[in-house]
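Below is one structure, written out as structure tokens; comments come after it.
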Amino acid sequence: MPRFVEWDEARAREIIAAHASLEGPVLPILHALLEEFGYIPEEAVAVVASDLNLSRAEIHGTISFYHDFRRKPAGKHVLKLCRAEACQSMNGPRLARDLLVKLGIDWGETTVDGVLTVEGVYCLGLCACAPSALYDDEPVGRLDGERLDALVRKARGS
Amino acid sequence: MTRVFISRDSASLSLGAARIATVIAEEASARSLTLEIVSTGSRGLFWLEPLVEVETPEGRIAYGPLTTSDVGSLFDSAFLTGAEHPLRLGRLEEQPCLARQQRLTFARCGIVDPLSVADYRAHGGYAGLERALALEPQAIVDEVKRSGLRGRGGAGFPTGIKWDTVLHAEADRKYIVCNADEGDSGTFGDRMLMEGDPFSLIEGMTIAGLAVGATKGYVYIRSEYPYAYRIMTQAIELATRAGYLGPSVLGSGRAFTLETRLGAGAYICGEETSLLESLEGKRGMIRAKPPLPAVKGLFGKPTVVNNVLSLATVPWILAHGGQAYADFGMGRSRGTLPIQLAGNVKRGGLIELAFGTTLREIVEDFGGGTATGRPVKAVQVGGPLGAYFPASLLDLPLDYEALAAEKGMLGHGGIVVFDDTVDLAQQARFAFEFCAAESCGKCTPCRVGAVRGVEVMDRIIAGIEPEKNFEVLDDLCTLMTDASLCAMGGLTPVPVLSALTHFPEDFDKAPRFPAAAE
Numbered sequence: 004m005p006r007f008v009e010w011d012e013a014r015a016r017e018i019i020a021a022h023a024s025l026e027g028p029v030l031p032i033l034h035a036l037l038e039e040f041g042y043i044p045e046e047a048v049a050v051v052a053s054d055l056n057l058s059r060a061e062i063h064g065t066i067s068f069y070h071d072f073r074r075k076p077a078g079k080h081v082l083k084l085c086r087a088e089a090c091q092s093m094n095g096p097r098l099a100r101d102l103l104v105k106l107g108i109d110w111g112e113t114t115v116d117g118v119l120t121v122e123g124v125y126c127l128g129l130c131a132c133a134p135s136a137l138y139d140d141e142p143v144g145r146l147d148g149e150r151l152d153a154l155v156r157k158a159r160g161s
Numbered sequence: 004m005t006r007v008f009i010s011r012d013s014a015s016l017s018l019g020a021a022r023i024a025t026v027i028a029e030e031a032s033a034r035s036l037t038l039e040i041v042s043t044g045s046r047g048l049f050w051l052e053p054l055v056e057v058e059t060p061e062g063r064i065a066y067g068p069l070t071t072s073d074v075g076s077l078f079d080s081a082f083l084t085g086a087e088h089p090l091r092l093g094r095l096e097e098q099p100c101l102a103r104q105q106r107l108t109f110a111r112c113g114i115v116d117p118l119s120v121a122d123y124r125a126h127g128g129y130a131g132l133e134r135a136l137a138l139e140p141q142a143i144v145d146e147v148k149r150s151g152l153r154g155r156g157g158a159g160f161p162t163g164i165k166w167d168t169v170l171h172a173e174a175d176r177k178y179i180v181c182n183a184d185e186g187d188s189g190t191f192g193d194r195m196l197m198e199g200d201p202f203s204l205i206e207g208m209t210i211a212g213l214a215v216g217a218t219k220g221y222v223y224i225r226s227e228y229p230y231a232y233r234i235m236t237q238a239i240e241l242a243t244r245a246g247y248l249g250p251s252v253l254g255s256g257r258a259f260t261l262e263t264r265l266g267a268g269a270y271i272c273g274e275e276t277s278l279l280e281s282l283e284g285k286r287g288m289i290r291a292k293p294p295l296p297a298v299k300g301l302f303g304k305p306t307v308v309n310n311v312l313s314l315a316t317v318p319w320i321l322a323h324g325g326q327a328y329a330d331f332g333m334g335r336s337r338g339t340l341p342i343q344l345a346g347n348v349k350r351g352g353l354i355e356l357a358f359g360t361t362l363r364e365i366v367e368d369f370g371g372g373t374a375t376g377r378p379v380k381a382v383q384v385g386g387p388l389g390a391y392f393p394a395s396l397l398d399l400p401l402d403y404e405a406l407a408a409e410k411g412m413l414g415h416g417g418i419v420v421f422d423d424t425v426d427l428a429q430q431a432r433f434a435f436e437f438c439a440a441e442s443c444g445k446c447t448p449c450r451v452g453a454v455r456g457v458e459v460m461d462r463i464i465a466g467i468e469p470e471k472n473f474e475v476l477d478d479l480c481t482l483m484t485d486a487s488l489c490a491m492g493g494l495t496p497v498p499v500l501s502a503l504t505h506f507p508e509d510f511d512k513a514p515r516f517p518a519a520a521e
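Protein chains in written order, with our numbering: chain A, 4 to 161; chain B, 4 to 521.
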């Protein structure tokens, strides 16, 4: 799990400068900011816009279009549960519902202890091992209640 | 030193392959045995995974599916010599599920080390590029045309014709863009290929560059595939270092460079014009066509946009000739189709076969029926925008035209199996829900129609004025089909109407309420 740093405008400018020579640099820059800070802070919009000589509306528009560019920090760990058809066929929706009830959160929310954010995702390409999930960057297949509980314990234990 | 092969494909990892590799290495060192663990892609036989293969004089002998507690007994049985063990599978090539396949695009996947150029070459890699370097651009395009290859992303447009348009477009700069935004549920072929045989995609894109006169290519990979992104990025570095990419490809004086780009969680970016917008750094809003990307694509330049599997098949076509590829298949669907069998199925995985195989052969013979052991009620073919077919239509052949005739589509070749517990009215509702979540918002039929669709389905499911709401549903589906700008809104009615046509009983389960109950 990457350790994120606090928002730092000078650091953000370095990241932007490092990618500015790419063709179509906006997405690579936003991904790099996400990797550094764990989310895209509101302050980043103006910085990216001015450094790339684009409007704030364009940058805000791009950030808000994509599911990945979270605008608030997530929990310490992120569990992405697949909600698409292949996982539906293997009891995915029920497992997800039970987990969310147990954690007392809804999709996209973080547990009160700040340890785990659960997000829905449409397909992880693990459809022959459904239901599936991505825990941080680790793929998990053939999920059942027990494996999900183990992931929650792992999140809480680390 | 004995070589042991373990897949590092994401799906294999999701089943614990990395842990098995670690335990095998530890056990070997505890027993003072030397072995080399080679990370490969997956063979695509996921019900046998985690799987380990051992190199022996008789070929690679496989053992699986394994748990970490099996490792000790594997060593006790001398599995490093290919000896007997209850989990010994023998040579996978002799397993019927693999022996019956026709692996052209996936010939190397699961066999080679995905990050070894030498291994790629040793298994026939780069023969296609070498031939292409000796050909005129038009001759390369003609070879691809002759193969009959059609876009594997879903639309099925002839690849050679697309290339021809880009070749003859006048411009100072052209691009090759690989669409690796494989968002359809039930599909994972692009991911498997990028993780298991990335050089075939690199080679295919390089050939495309030579064919149309493009010097720069992008692989746009969805962020849900972090591992595929890493492997592709590393493979591009390795190919560049070995001289297969760069200012002078294999010393030919012709330039071609590649870059990976990461998507950001938007299904619509699998639509080619939306993908181009995203590559340019904008919201992934689709563009009205024409102009086609082949004429005015990335940064306004002529651009080939092809799916991973289309491009990764090109090296085979160049190496063996277009006619050899066209000899596989049926009707206007030539060559092989990498089918991805998933969902509620006993033996899910990657099945590459010539076009024309029936759904029944795939679901029953290869798949072995449902994982739950219950009867098959429906199969969805071609992703979230594909049709739900009932068990009575399983004799349909997998062919672009045959599925279109049944108001479905082949899409990217994904098949998701459902048992008899599925409620098709809920699946129809989901189709709208998904469209509402993932619509780019540019056109009204899709943006608003999807939301209205969810509302109408909720009323139908609750039994509120069903006759009136069926009428609205029908009208909505016609409107979305006819007036949406792209396939997202235009094809969302396909799963909905197929569910309604083939499973009407699921739409009529609730007690009926008068309008006032709403």
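We treat Cβ as the ideally placed atom computed from N, Cα and C, and that holds for glycine.
Note that the structure is predicted; figures quoted are calculated from it, not measured.
Query raised in the report: Would DSSP call Phe-259 (chain B) helix, strand or coil?
Result: strand
Query raised in the report: Roughly how many angstroms separate the alpha carbons of Ala-490 (chain B) and Cys-272 (chain B), rounded to a whole number?
Result: 12 Å
Query raised in the report: Are any of the Cβ atoms in chain A nearer than 7 Å to that of Val-419 (chain B)?
Result: yes
Query raised in the report: Would a C-beta distance cut-off of 7 Å place Gly-386 (chain B) and Gly-414 (chain B) closer than the cut-off?
Result: Cβ distance < 7 Å, so Gly-386 (chain B) and Gly-414 (chain B) count as in contact.
Query - Bridge partners - Gly-346 (chain B), DSSP secondary structure assignment - result: B:Val-420
Query raised in the report: Where Ala-329 (chain B) and Arg-106 (chain B) are concerned, what is the direct C-alpha to C-alpha distance, given to the nearest angstrom?
Result: Taking the straight line joining both Cα atoms gives about 14 Å.
**Report entry** Burial state of Ala-20 (chain A) (16 or more Cβ within 10 Å)
**Finding:** exposed
Requested in this report: Starting from Arg-63 (chain B), follow its DSSP beta bridges and name the residues at the other end.
Outcome: Arg-63 (chain B) is bridged to B:Glu-58.
Query raised in the report: For the stretch 6-17 of chain A against the stretch 33-46 of chain A, are there 3 or more C-beta pairs whose distance is under 8 Å?
Result: yes
Requested in this report: Output, in chain order, the set of chain B residues within a Cβ distance shorter than 7 Å of Arg-145 (chain A).
Outcome: Leu-18
Requested in this report: Measuring only between beta-carbons, confirm whether Tyr-270 (chain B) sits less than 7 Å from chain A.
Outcome: yes
Query raised in the report: With 7 Å set as the bound, which would you pick, yes or no: does the beta-carbon of Phe-49 (chain B) sit closer than that to a beta-carbon of chain A?
Result: yes
Query - Supposed contact pair Val-74 (chain B) and Glu-39 (chain B) - C-beta distance, whole angstroms, cut 8 Å - result: At roughly 17 Å, the Cβ-Cβ gap does not stay under 8 Å, so Glu-39 (chain B) and Val-74 (chain B) are not in contact.
Query raised in the report: How many angstroms separate the CA atom of His-70 (chain A) from the CA atom of Gly-266 (chain B)?
Result: When rounded, the separation of the alpha-carbon atoms in His-70 (chain A) and Gly-266 (chain B) is 10 Å.
Query - Local conformation of Ile-43 (chain A) per DSSP, three classes - result: The answer is coil: DSSP assigns Ile-43 (chain A) none of H, G, I, E or B.
Query raised in the report: So, is the C-beta of Val-29 (chain A) closer than 7 Å to a C-beta in chain B?
Result: yes
Requested in this report: Below 9 Å between beta carbons is the criterion; list the residues of the stretch 216-240 of chain B that meet it against any residue of chain A, in chain order.
Outcome: Lys-219, Tyr-221, Arg-225, Ser-226, Glu-227, Tyr-228, Pro-229, Tyr-230, Ala-231
Query raised in the report: Looking at the structure shown, is Ala-106 (chain B) part of a helix, part of a strand, or coil, going by DSSP?
Result: Per the sequence presented here, residue 106 (chain B) reads as Arg, with Ala not at that position. Looking at Arg-106 (chain B) - three-state DSSP - the assignment turns out to be coil, as it is neither helix nor strand.
Query raised in the report: With respect to the alpha helix (DSSP H) encompassing Ile-62 (chain A), which residues constitute its N-terminal and C-terminal limits?
Result: 59-68
Requested in this report: Taking the CB atoms as reference points, tell me whether Ala-291 (chain B) and Thr-168 (chain B) lie closer together than 7 Å.
Outcome: In this structure, Thr-168 (chain B) does not lie closer than 7 Å to Ala-291 (chain B) by Cβ.
Query raised in the report: If we cut at 7 Å on Cβ distances, does Glu-149 (chain A) have a partner in chain B?
Result: Closer than 7 Å: no.
Query raised in the report: What is the rounded straight-line gap between the Cα of Leu-241 (chain B) and the Cα of Glu-206 (chain B)?
Result: Answer to the nearest angstrom: the Cα atoms are 13 Å apart.
Requested in this report: Name, please, each residue of chain B whose Cβ falls closer than 7 Å to the Cβ of Leu-127 (chain A).
Outcome: Glu-227
**Report entry** Rounded distance between the beta-carbons of Val-57 (chain B) and Leu-83 (chain B), thought under 8 Å
**Finding:** 6 Å
Query raised in the report: Can you give the beta carbon distance from Gly-27 (chain A) to Glu-283 (chain B), rounded, assuming they're within the 8 Å contact cut?
Result: 4 Å
**Report entry** C-beta atoms of Gly-128 (chain A) and Arg-194 (chain B) nearer than 7 Å
**Finding:** yes
Query raised in the report: Ser-226 (chain B): buried (16+ other C-beta within 10 angstroms of its C-beta) or exposed?
Result: buried
Query raised in the report: Do Leu-204 (chain B) and Val-311 (chain B) have their C-beta atoms closer together than 7 Å?
Result: yes
**Report entry** Cβ contact check for the stretch 45-65 of chain A and the stretch 394-410 of chain B: 3 or more pairs under 8 Å
**Finding:** no
Requested in this report: Helix, strand or coil for Ala-81 (chain B), going by three-state DSSP, please let me know.
Outcome: coil
Query raised in the report: Is the CB of Ser-13 (chain B) under 7 Å away from at least one CB in chain A?
Result: yes
Report task. Could you have a look at Val-366 (chain B) and say whether DSSP puts it in helix, strand or coil? Result -> helix
Query raised in the report: Would you call the CB atoms of Gln-343 (chain B) and Gly-192 (chain B) closer than 7 Å?
Result: Their beta carbons are under 7 Å apart, which means Gln-343 (chain B) touches Gly-192 (chain B) by this criterion.
Requested in this report: Determine whether the Cβ of Ser-76 (chain B) lies closer than 7 Å to any Cβ atom of chain A.
Outcome: no
Query raised in the report: Pick from B:Gly-85, B:Asp-79, B:Trp-50, B:Ala-81: whose alpha carbon is nearest that of Leu-69 (chain B)?
Result: B:Trp-50
Query raised in the report: Are there 16 or more other CB atoms within 10 angstroms of the CB of Ile-418 (chain B), so buried, or fewer, so exposed?
Result: buried
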